[in-house]
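In this note's numbering, the protein residues as written are 1068 to 1340.
Worksheet for the structure shown next.
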């Protein structure tokens, strides 16, 4: 039973979150590549601190202030990181070294948990016995074929025709691709804005005919990392590929249905390469 949980993983708290009181367990969700989760806790006091790396300024002072305020007895620390190898688990190796040195200076034993490059992590700590577990969460993101092998997760080709160069292990869902007529018109000069409008109309019709295609995909993404792949390279807002309008359609569908999938924008990991 989880008593406290960060409510919005897209927002990183500027200060350290302090967990106290009657909580038997605490769960912390760490967003993709945005921060690693450091949890400093004491079973004896049933208190803990979640430190966030997004705001690295004065990190040691903030940790020291929180530790002083809580006055933890026999504290321990757990790091759940979103990058590999180990020395890159935090935002960068400098932060990693600073935090390691700080914990060593404070005499706080630390344990590490490695996870994959684009996994989201839930770190669950039980105050009563010191047990903890790292739970890998599902997610949905997008990529393009030239780099998609570097993105961890089940690859799904959302293209009308599966060409020979696409690896055989990739799933194929042509129903999420634009129609041949729409593709032909786009190649003849149809403006991108009109293309997006027509593609959205096609997918609205698709949803009316087979809503299970959408719900099935979203439900899978609750426990599985899914990567929707197509041909065009990622160029931020200038990317002209239907995978990004599809991504937004799925986000809106998820909100309407209340499935609560974790969506990871392609820019979140492309900028880290």
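Don't be surprised by glycine CBs; every beta carbon is placed ideally from N, CA and C.
How many angstroms separate the CA atom of residue i from the CA atom of residue j?
{"i": "residue 1269", "j": "residue 1247", "result": "12 Å"}
{"i": "residue 1242", "j": "residue 1273", "result": "8 Å"}
{"i": "residue 1291", "j": "residue 1105", "result": "24 Å"}
{"i": "residue 1308", "j": "residue 1146", "result": "37 Å"}
{"i": "residue 1244", "j": "residue 1168", "result": "51 Å"}
{"i": "residue 1324", "j": "residue 1176", "result": "44 Å"}
{"i": "residue 1314", "j": "residue 1208", "result": "7 Å"}
{"i": "residue 1258", "j": "residue 1216", "result": "31 Å"}
{"i": "residue 1295", "j": "residue 1256", "result": "25 Å"}
{"i": "residue 1233", "j": "residue 1179", "result": "37 Å"}
{"i": "residue 1115", "j": "residue 1143", "result": "9 Å"}
{"i": "residue 1218", "j": "residue 1333", "result": "10 Å"}
{"i": "residue 1173", "j": "residue 1132", "result": "12 Å"}
{"i": "residue 1239", "j": "residue 1137", "result": "53 Å"}
{"i": "residue 1237", "j": "residue 1166", "result": "40 Å"}
Starting from residue i, trace the alpha helix (DSSP H) both ways and give me its first and last residue.
{"i": "residue 1316", "result": "1310–1324"}
{"i": "residue 1331", "result": "First-last for residue 1331: undefined, no H or E at that position."}
{"i": "residue 1024", "result": "Absent from the structure is residue 1024, since the part of the chain shown begins at 1068 and ends at 1340."}
{"i": "residue 1253", "result": "1247–1254"}
Report yes if the C-beta distance between residue i and residue j is below 8 Å; otherwise report no.
{"i": "residue 1316", "j": "residue 1285", "result": "no"}
{"i": "residue 1318", "j": "residue 1301", "result": "no"}
{"i": "residue 1112", "j": "residue 1140", "result": "yes"}
{"i": "residue 1266", "j": "residue 1212", "result": "no"}
{"i": "residue 1250", "j": "residue 1271", "result": "no"}
Within its chain, find whatever has a CB closer than 6 Å to the CB of residue i; leave out the 5 residues flanking it on each side and keep chain order.
{"i": "residue 1321", "result": "1285 and 1328"}
In the DSSP assignment, the beta strand (DSSP E) including residue i goes from what residue to what residue?
{"i": "residue 1210", "result": "1206–1211"}
{"i": "residue 1225", "result": "Premise fails: residue 1225 is in no beta strand (DSSP E) and is neither H nor E."}
{"i": "residue 1294", "result": "1292–1297"}
Less than 8 Å between C-beta atoms, sequence neighbours within five positions excluded: which residues of the same chain meet that for residue i?
{"i": "residue 1293", "result": "1205, 1206, 1207, 1208, 1220, 1221, 1223, 1284 and 1287"}
Fill in: Three CB pairs or more closer than 8 Å across the segment 1296–1314 and the segment 1261–1268
yes
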